[in-house]
Amino acid sequence: MKHNLLLALLLFGLLAAFTAAQAEEQKKVYKYTDENGVTHYAETKLNDNYEEADLPALSIVPSTPVKRTSSSSDVSDKPDANPSEVQSFSIISPVNEQNLWGTGGKLTAEVRPLTPAQQAIHQVQFIIDGKKNKPADASSQVFDGIYRGEHTVQALLVNKFNKKVVKKSQTVTFFIHQNSKK
1 MKHNLLLALL LFGLLAAFTA AQAEEQKKVY KYTDENGVTH YAETKLNDNY
51 EEADLPALSI VPSTPVKRTS SSSDVSDKPD ANPSEVQSFS IISPVNEQNL
101 WGTGGKLTAE VRPLTPAQQA IHQVQFIIDG KKNKPADASS QVFDGIYRGE
151 HTVQALLVNK FNKKVVKKSQ TVTFFIHQNS KK
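Pasting the structure below:
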């Protein structure tokens, strides 16, 4: 009895698969070119203007699985990674030894953006020419009064709650140039 039931289920499965394969082969696509020269395609013949489209067979290439190497794994792949922990903290603007022209005395300093989880715990504090500025939630700040000459900038990652410095960036040296009036 079990044997007959299994055989019936197997035959039914094969019949269903064969029917689906035949239905896929018999599917037709129709096309119609309107008075503006635009070609329209449809799976059903909407009116007598549509004719069966002669489409090329589809090329199907199976994909290969991507092998992850240890060097390409994300920090988030590690089960013990804390989403609020900042792995890398560095200044992205200005770059070290950068020459800036015609800034009007303004400088925009920027660190790599923090994630929302990191922003909930940390603030960024910039030090321009040895002078600490107030910590802020933004990853970039604009500073006024930065005129001609050599300057330095460093960024500190500060815990919002206990005000302790968590990370420090490298100190970046940059140069402000202004055109002389003749």
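Going by UniProt numbering, the first residue of the sequence shown is number 1, and it counts up by one from there. For every residue, glycine included, the Cβ atom is placed at its ideal position computed from N, Cα and C.
- For secondary structure counted as the alpha helix (DSSP H) over 4 or more consecutive residues, the stretch 118-162 holds no complete run.
- Where K31 is concerned, the enclosing beta strand (DSSP E) starts and stops at 30-33.
- Apart from sequence neighbours up to five positions away, the residues of its chain that approach D34 with a beta-carbon distance below 8 Å are H40, ordered along the chain.
- Under the DSSP definition of a beta bridge, L100 partners with I176.
- The bridge partners DSSP lists for S93 are E110.
- With a threshold of 16 other beta carbon atoms within 10 Å, H177 falls short and is exposed.
- Residue pairing of K167 in beta bridges, as defined by DSSP: L157.
- Here the C-alpha atom of G105 lies approximately 14 Å from the C-alpha atom of Q141.
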